[in-house]
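See below for the structure under consideration.
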Amino acid sequence: MTHSPQDWQAQLALLERRLKREKAGRINAEQLLSEKSSRLYRALKQSQQEQKNLELALWASQESFWQWQADTDMMDIRAFSLHADSVSTWSGTLIDLMSRVHEDDLESLQFHWSMALHGNRDKIELSFRLNVQQGYQWVRLRGRVLDRGSAGEALRIVGTTKDITQQRKAEQSFHLMASAFASSREPMLVLSSALLITECNEAFIRLIEAPVKDACLGLNFNELLSAKRVEQKNLAAHKQLRFESQVTTLAKQEIPVDVSIALFETYMQTSSYLIATMRDISDRKQNEDRLKQLALYDDLTGLSNRNALRGYIEDIYEGQSSFILVFIDLDGFKAINDTAGHEKGDNELQRVASLLIHSFGQTGKVGRWGGDEFIAVLPDTDIAQAIQIANSLIQKIEAKVIPVHQTELILSASIGVAHSLEHGDSVESLIQCADAAMYQAKKLGKGQVFIYKEGLYESMTQQVSMVNDLRRATENHLLDYYVQGKYDLNGKLKGGEVLCRWISGLHGIISPAVFIPLAEEHNLDHLIGLQALEAACDYISMMESQQGTAVPLSINISVNQMLDPDFPPQAKAICKASDVYPSMIELELTESIFIRDERAAVQSLNSLRDAGFRLSLDDFGSGFSSLSYLRSFQFEVVKVDRSLVKDIHQNSKAHALFTGLVAMLSSLEIEIVVEGVEQESYLPFMKEADIGLMQGFYFDKPMPYDQFLAKHNVEFA
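Under the UniProt record's numbering, the letters of the sequence shown match residues 1 to 717, in that order.
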């Protein structure tokens, strides 16, 4: 079939129209697709931005995202880097996670997870410790169930986690600080900027004696301080203050406190608080007062002490005031202290202090100079008044009898008086003058008052020099020990006495009557006694070595040394070291030992006698000569004093007394040694009385050992 041109044209037009319609449809489809693509792209971008915003929000809150799928039992955790530019992930099963949880927290995690898993709750929130590379860190886990199955079981759970290690540490620190605040033994406060109490601990409540805590809250801190208070300008400038003050309790009592206060600003600096700490310093203040008391007053008597007294004397001396200085030294105090005990001695010092205040305190100043020495300062008083008061004081001191064991002791005083305008040219020299006068009073027989005289201090200074020289001589073994023989009625040597002699390089030959009392007064007699015993043992050893025989020797032992409990073992040790029998040594002592302490004397003598030493009562007849001593203790020897011998050849009473005494001693079977046989005319009387041994210048004077040995060489042979 043939088509005409018209037919071709019509068909072509139809095709063109169809093509246009298809082209228009394609363009519309492309536009629609483009619009949908644009919408999808924008949605994707928005979703990505929202995800990014979510990630930024999680990063900003330092949170990590996690999700759990039931079908895989997998937990995925997405954590964000410090700068939010990267994401780290962790995937693992629930068992993997729980294997890293601290054992103390595992049970809690399992419980909360089980509750969410089985439909009991939709939310999960708990904290636990998780083991990471750096060790355990605290993690807070939050989550919510999104999907559940038909049986209510969780299919999907999502949530966030956060490292709260620092927060937990901060909480622990906070709780620790709160606990420390509450339980601190020192009062602690929190104050507002207006110094009002907003918080306080139990220690502060107790300090101000508040019934309850609420009674403290709202109080103005400064109003509780009665001394120095908080100066807010200084606090603002320095941020902290420390000062001493006094806090007033609710019972109106004042307590000394040490206050420390510091400014504390909150993180946002929108408000500030003050932290105050108080410390009760009552004990310290009491100790400070005690130290002040000790610095100025004597602890035992309550009198002014040496420093305070010297300061007072210097003040009135510089003011050129006329005053009397009275120096008091107790007589017999050492005997009371040694025999009756230190407590009794302290009581006597307190009694004397009371008497001093009563006697001198109304018009002057009284203080304890040291030991048993006191000083009274009497302004505007003349010498006569001072002497009258001093004598009255001595009578009051002596009025009390002190029973000790089987004897009685009486305390007394020696008093020296000096005038500020007449004696001395300084405070020191004035005190020295009064001291010298006191020593002179003591030499007069104790219980005496003596006014300073010119030259007295110089004499005392010389005595001090002599004491120091004696100390050097004693310590360096520079004393000499001579021997004087003891003879029977036939003039035959039977023994000897070792006597100490001293030739001083400074003072020349010093009489034993001078240096022996000095030695006893200054505690040098112990060393002299031991050296005398050593010399006696050496002499006996040399006699036995050189002559084949020896005579017993005696030595004098002071009362102080005889009452020393260390002396008996010392004496035995010296004899043992020299290989000398104690029976070859005779220890001479005076009856004054029984006056000092009869019980201690008997104990010491028994100890020495048991060791083998012979004991001799020296100077019998020169002192009290109580016959009871001979009855209570058996002496092997009694030495009759020279004072009973010197007139027997020309005085009938002296002769009768001597013969009667010798007869009594002989009846007691006590060996007798008569001292002071100076002349041949004494010998008939000695023979008449049948005296065992004699000693005196008629036979020989004390001499060095080598001379003594040479003189008696024939007798030893």
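We put the CB at the ideal spot given by N, CA and C, even for glycine.
Candidates the options, of which the one nearest residue i by Cα
| i | options | result |
| --- | --- | --- |
| L296 | Y312, D283 and I124 | Y312 |
| P512 | G152, L325, P702 and Y487 | P702 |
| G119 | G152, M74 and G92 | G152 |
| E186 | S192, C200 and L196 | C200 |
| I95 | T89, A70 and S88 | A70 |
| L478 | A532, Y452 and N490 | A532 |
| M98 | L109, A10, E428 and N476 | L109 |
| K285 | Q246, L349, V673 and D315 | Q246 |
| M188 | V645, F204, S667 and P684 | F204 |
| C433 | E534, I375, G445 and E680 | I375 |
| E103 | R129, E125, K123 and A251 | R129 |
| G371 | D331, A399 and Q406 | D331 |
| K123 | E107, S322 and R142 | R142 |
| Y481 | D488, E534, R501 and Q462 | R501 |
| V257 | L235, T72 and S226 | S226 |
| L117 | G676, N606, R144 and Q137 | R144 |
| V326 | L191, V449 and K443 | V449 |
| L309 | Q320, V377 and Q253 | V377 |
Cα-Cα separation between residue i and residue j, rounded to whole angstroms
| i | j | result |
| --- | --- | --- |
| M268 | I208 | With a pLDDT of only 47 at M268, under 50, the local geometry of the prediction cannot be trusted, and the value read off the model is given with reservation. Distance between the alpha carbons of M268 and I208: 34 Å. |
| I691 | F620 | 15 Å |
| L589 | H655 | 25 Å |
| A84 | E223 | With a pLDDT of 49 at A84, under the threshold of 50, the predicted position of this residue should be treated as unreliable, though the coordinate-derived value follows. Using only the alpha carbons, I get a separation of about 56 Å. |
| T165 | S179 | 21 Å |
| V483 | G496 | 6 Å |
| L506 | N490 | 43 Å |
| R148 | S64 | 23 Å |
| L146 | K162 | 20 Å |
| S666 | D538 | 33 Å |
| F685 | I670 | 19 Å |
| R642 | A436 | 33 Å |
| A571 | I357 | 47 Å |
| I316 | F221 | 48 Å |
| Q6 | L14 | 12 Å |
| residue 730 | P403 | Coverage of the chain is limited to positions 1 through 717, which leaves residue 730 absent and any answer about it impossible. |
Same chain only: Cβ atoms within 8 Å of residue i, ignoring 5 sequence neighbours per side
| i | result |
| --- | --- |
| A717 | Unreliable placement is indicated for A717, whose pLDDT of 48 sits below 50; the coordinate value is still reported in the next sentence. Same-chain partners within the cutoff: Q547. |
| S504 | M466, D469, L470, A473 and I510 |
| I383 | I324, V417, H419 and I451 |
| I77 | S64, F65, W66, T89, W90, S91 and T161 |
| S150 | none |
| E16 | none |
| C216 | I197, C200, F204, I205, I208 and A210 |
6 Å Cβ shell around residue i - same chain, five flanking residues per side excluded
| i | result |
| --- | --- |
| residue 773 | There is no way to answer for residue 773, as the model of the chain reaches only from 1 to 717. |
| D700 | G485 |
| S583 | G612 |
| A550 | I540, M543 and E544 |
| I593 | V559, M562 and A601 |
| R614 | E586 and E636 |
| K365 | Y312 and V377 |
Closer than 8 Å: residue i CB and nearest the ligand SAH heavy atom
| i | result |
| --- | --- |
| V467 | As for the ligand SAH, it is missing from this structure, which has no ligand bound. |
Residue i - partner residues in DSSP beta bridges
| i | result |
| --- | --- |
| A663 | Answer is none; A663 lacks a bridge partner. |
| K486 | G495 |
| H419 | I324 |
| P379 | F323 |
| F243 | V259 |
| R368 | F374 |
| W138 | R129 |
| D280 | V257 |
| P403 | E408 |
| L330 | A413 |
Own chain, CB closer than 7 Å to residue i, minus 5 neighbours either side, in chain order
| i | result |
| --- | --- |
| A536 | V498, L553, I555 and I585 |
| S541 | S578, D579 and V580 |
| E680 | Y698 |
| E598 | H405, Q406 and T407 |
| D525 | A519, S558, N560 and Q561 |
| L494 | Looking at the sequence itself, residue 494 is Lys, so the reference to Leu does not match. K486, Y487, D488, V551 and L693. |
CB contact below 9 Å: residue i versus chain D
| i | result |
| --- | --- |
| Q69 | You won't find chain D in this structure, because it holds only one protein chain. |
Stretch-stretch touch, CB-based, cutoff 8 Å, three pairs: the stretch 358–367 with the stretch 405–416: no
Inter-stretch contact at 8 Å, needing at least 3 Cβ pairs: the stretch 273–280 / the stretch 343–350: no
Touch test, the stretch 389–401 against the stretch 298–309, Cβ-Cβ under 8 Å, three pairs minimum: no
Given 8 Å, three or more beta-carbon pairs between the stretch 242–252 and the stretch 155–169: As far as the Cβ criterion goes, the stretch 242–252 does not touch the stretch 155–169, which means the pair count is below three.
Segment contact, 8 Å Cβ cut-off, at least three pairs: the stretch 514–522 with the stretch 571–579: no
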